[in-house]
Structure formats: C-alpha cells, structure tokens
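Take a look at the structure below.
2 protein chains.
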Amino acid sequence: MKKQTHKRKCKFVVLAVDVALFTVIDEKLHVLLMRMQKKPFEGFWAMPGGLVKPDEEPNVAARRILKEKVGITTAYLEQLYTFGRVGRDPFGRVVSVGYTALLPSAVVSRGRTGKDGDVRWFPVAKVPSLAYDHDEILETGLSRLRAKLAYTNIVKNLLSKEFTLTELQRMYEVVLGRKLDKRNFRKKLFARALLKKTGKRRRGVSNRPAELFSFKEKGLSIVEVL
Amino acid sequence: MKKQTHKRKCKFVVLAVDVALFTVIDEKLHVLLMRMQKKPFEGFWAMPGGLVKPDEEPNVAARRILKEKVGITTAYLEQLYTFGRVGRDPFGRVVSVGYTALLPSAVVSRGRTGKDGDVRWFPVAKVPSLAYDHDEILETGLSRLRAKLAYTNIVKNLLSKEFTLTELQRMYEVVLGRKLDKRNFRKKLFARALLKKTGKRRRGVSNRPAELFSFKEKGLSIVEVL
DNA sequence: GCAAAAGTGTTATCGCTACACCCATGG
DNA sequence: CCATGGGTGTAGCGATAACACTTTTGC
C-alpha cells in the first residue's frame, strides 16, 4: 500500500534558494536583481534564485545559481534565513533558503551584468517592489549585514585583498549609513590588531599615497570591530 | 521519517524541521531528546523533528511536532538555521529547518515527559552522541542562545512571568556557565529599565522574602543586557 | 538567636568620544 | 606652490568591575 498520491507533482514541499548579492559601487551599497520573464511577475525584478537539485546542498545550489545566472563564482556566501510563508510563490509550494552574498567592488565588472540588461545592480535605497517575498528577504539580508559589520570582519568580503584605511572606513560608512571618526576608527582597528601592513602604497593619486593593508585572518572571525 | 523506497519517487528535496527545546532544571540547562525506534538509529537519541506538510509553514510544523511528540504547546520558538548536508539523513534526501525552543522550568512537569520514558530531558553537558546531524544542530542552538542572552531579553522565555532578581541572575549564570556580580547585574538591569515591580514577594522561604519582578516588554526586544 | 538569602554604594580603571593640524604626493 | 587626501594624540566623560556588610524572614 502506498500513500503517495500523484494528484500534485510531489507530495512534499519544494526547496529553493534565493541570493541577496551585495556590493558597493560609487560609495553606495548595491544589490543585484534580475528581471522576471514569466507571469505573474513578468517585468518585476527579483534576486537570483532557483530550485535545489535532489542531491545538492543548499549552499552549493546558491553557488550554482550565482554562476549560472550571473556568471559570478567568487562571492562570499552565507546562509541568511529560511522563508516559508504559504503563498510566497504563486507557482507552487516553495520554501526558500535565503543567502547573503558579498562581492568586492573590483570584481563587479567581470560579471555578466550590464546597465540595461535583465541583470542589474540597484542601489539598495532605490530598489523597486520585488517579486515573491524578495522584499522581505532583502530587508532581512540588509539588517544582518549591518549587524555583522560590528562584531565580525565580514567587511573584508566587500574589499579587494589590499586596501587603504580610508577605503575600509568608507565601506563601513556606506553600509551603516553614517559617518565615523577617522582617528577613533583607526585606533580601534589597531587595538584589535586585525590588519597587517603590506608595505605597499596606493600610487598614482594626486595626494599623499596611502598605506595598503590586508586582514590577518583568512576567514570570517568574530571580533568586536565597532 | 520516510522510508528509503520513496527516495527517488519525488523529484525534489524533502523538507523537515527539528527542534532544540531547552529549559533549566535544577540550575542546569537541559535539552529534550527522544529515543529513536527505527534503524539505523534505533536506541539513539534525537531532538523532536518531522516532515513539513505540503501546505504548512515550517514554524507551524515545528509547533505541531512539539505538540504531537512532546505535548507542549506554549514554548517560545525561533528559527535557527537550515541544515542540508547530503547524507545527513540515511532515509533519503531531507533538508531540515532547525528551531530553538525555550520553556520556563515551571512548565516542564506538564509535558508528556518522564524520567525513564522515550522522551527525556538531558543536561546539555551530558548529551550522548545523537542521531542524524543533531549534534551539530544542538551545538548551533546553544551558541545562538548564549549569544542572544547578551543583547536581547530572550531569557524571559526561560522564566515564569514573575521572578526574583536572583532567579533571573541564576538563569544567566546557568546558560552562560559563569558567575555574575550581584550588584553590577542589578545596576545594569535597572539602568536599562527592563523590569517592573509586581509588588509581590516570594513567600514561604526560610529567609528574607525577595521582591518579584516581571519584564515590561511582552515580546522579544533587542536591548544590550549584559 | 541562628541560618539563609535579600538588598544596597563607592572607588579605580578602562574604553569611548570629540576634536585640529601637519605631511606627502601629483600636477 | 597648490590642492588633495593621509596620517597622528590627548583630555574629559561615562561605563564597567571589584568588593562587604546589614536586613529580613522562618524555624
């Protein structure tokens, strides 16, 4: 006796992933959106997402989606929250594991993205109303990113390997949306000993060249930063 | 959980929930475990869990599991993390949304739990090796709970509505695993103005009766507590 | 009156905030 | 030599940590 009735495609919930991919462009935080082709969301924007394959782990699925849909393979990826409201997807019963992804500004140009295409970077302040529950996912991702700035070194994933102290500070200011004091900012960073000098300098600017630093820790570490 | 025979019947991943239910008993943090009946985990302990129904939201599923399997309906519930390692469940491809649940010690006796049954409270320090990836889920739940003590009023969900300051402090000490200073602890609580007096006292003890307090905020609020 | 937990302030230290001027380079 | 951002220290203040004795009750 089998109970598996086939009046629906599948007796269980379908699992998907959605990725909120952030970067900083022109000193503004941006999120990557794609224009939907299918009804009922035709013309709406949404974050990249897709179904999880049967033998695929959700984080691997998120990586794959980023690669297939946006051509990006190097983003930092972190699970955010699982969104399961009934009715969040009009196509069926889909529960989605949301991810946050971060990309250094320098990498942005390499992706398969253009100004006028169906894949586009939006300043987070100017994001239109999104398909599915992607407004909620984006909002959740933003708060988490902001919260984690203060107690981890997550900001490293928005910068190239080497950066000046001003660039680092600017990154905090852009994401948090407020100014920081230059001297206090540096004092704290050095007190925590998070950075190391590279010995190099940022040349070719018409002012005093800034020292370049990098993070000591390779991975994400939990340290009170702000 | 589902049998192996169904493994390939469904094109997609199967979704489940697992709940790490905590309470404090005898000044020790405990977690609720159930003894498994089926191979290959026969005899192993696991946290309560089960499949998410097609039109059920994961948090509703978690509530239902707690009710059906443990007879508990009042726990505070919070999504923890989604665990999707391939092979985490030998019965098939199951991804599980993990939840943390908290219960005031006072409620514990009312649940369908006994000392020797198949449902039992374990001190977290004495939890055996668990079925599935439940070791990992438990560990994740514990860290989150400890972290949230410091910056939310989540501790309220481990206490009855009215409590003495010493009981509150003991709760922090038990979960964090370290002693706190009585005077400093009270000073901070009053500075944050999180509590209100009830006017009542804890009677029937052979010492000076303590004042009873309750939290001002009904729900969870984000406040630096420690 | 004795055992047991409740309740209560002060001091020293540390970390945070606010704030302004000289320096090195490119053009 | 000028414009531009880079780099540096200190003083005041608020928060934290350490610490011990008196009070109130039940028995």
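Residue numbers (my numbering), protein chains in the order written: chain A, 2 to 227; chain B, 2 to 227.
C-beta: ideal position from N, C-alpha, C; glycine also.
Item, Value
"Min CB distance B/ARG94 to chain A below 8 Å", "yes"
"Ranges of the alpha helix (DSSP H) found wholly within the stretch 65-110 of chain A, counting only runs of at least 4", "none"
"Straight-line gap, B/LYS198 to B/PHE214 (C-alpha atoms, nearest Å)", "5 Å"
"Coil, strand or helix - B/GLY220 by DSSP", "coil"
"Closest residue to B/LYS29 among B/ARG202, B/PRO105 and B/PRO124 (Cα-Cα distance)", "B/PRO124"
"is_contact[A/GLY200, chain B] using C-beta, thresh 8 Å", "no"
"Which listed residue (B/LYS217, B/LEU160 and B/ARG89) has its alpha carbon closest to that of B/LEU131", "B/ARG89"
"A/PRO105 classed as buried or exposed, judged by whether at least 16 other C-beta atoms fall within 10 angstroms", "buried"
"is_contact[A/GLY72, chain B] using C-beta, thresh 8 Å", "no"
"Other residues of its chain near B/ARG187: CB distance less than 7 Å, five sequence neighbours each side excluded", "LEU166"
"Backbone CA spacing between B/VAL156 and A/VAL120 [nearest angstrom]", "44 Å"
"CB contact check: A/LEU52 to chain B, cutoff 8 Å", "yes"
"Selected residue, minimal CA-CA separation from B/LEU146, among B/TYR77, B/ARG94 and B/LEU52", "B/TYR77"
"Three-state secondary structure (DSSP) of A/GLU28", "coil"
"Interface flag, B/GLN80 vs chain A, CB-CB below 8 Å", "yes"
"CB contact below 8 Å: B/ASP90 versus chain A", "no"
"Chain A residues whose Cβ lies nearer than 9 Å to that of B/PHE23", "Those within 9 Å of B/PHE23 in chain A number zero; the least Cβ separation is about 20 Å."
"Bridge partners - B/LEU22, DSSP secondary structure assignment", "B/ALA102"
"Any C-beta of chain B under 8 Å from that of A/GLY178", "no"
"B/VAL87 at chain A interface by Cβ criterion, 8 Å", "yes"
"Against chain A: residues of the stretch 134-145 of chain B by CB proximity under 7 Å", "none"
"Chain A within 8 Å of B/LEU16, Cβ atoms only", "yes"
"Per-residue DSSP class, three states only, for A/LYS201", "strand"
"Assumed close pair A/PHE23, A/LEU103 - CB separation to whole angstroms, cut-off 8 Å", "5 Å"
"Three-state secondary structure assigned by DSSP to A/ALA47", "strand"
"DSSP three-state assignment for B/THR165, whether helix, strand or coil", "coil"
"Cβ shell of B/GLU79 (< 6 Å), same chain only, five flanking positions each side left out", "THR101"
"Buried or exposed (CB count within 10 angstroms, at least 16 for buried), B/ILE223", "exposed"
"Contacts of B/ASP56 in chain A (Cβ-Cβ under 8 Å)", "VAL87 and ARG94"
"Outcome for A/GLY85 when other beta-carbon atoms lying within 10 angstroms are tallied against a minimum of 16", "buried"
"Assigned secondary structure, B/SER215 (DSSP; H/G/I helix, E/B strand, else coil)", "strand"
"Closest Cα partner of A/LEU221 within the set A/PRO91, A/ALA194 and A/THR153", "A/THR153"
"Pairwise C-alpha distance: B/LYS201 and A/VAL226", "43 Å"
"Residue environment, A/VAL18, which counts as buried when at least 16 other CB atoms sit within 10 Å", "buried"
"Alpha carbon of A/GLY178 to alpha carbon of A/MET172, nearest angstrom", "10 Å"
"CB of B/VAL14 within 8 Å of CB of A/VAL53, strictly", "yes"
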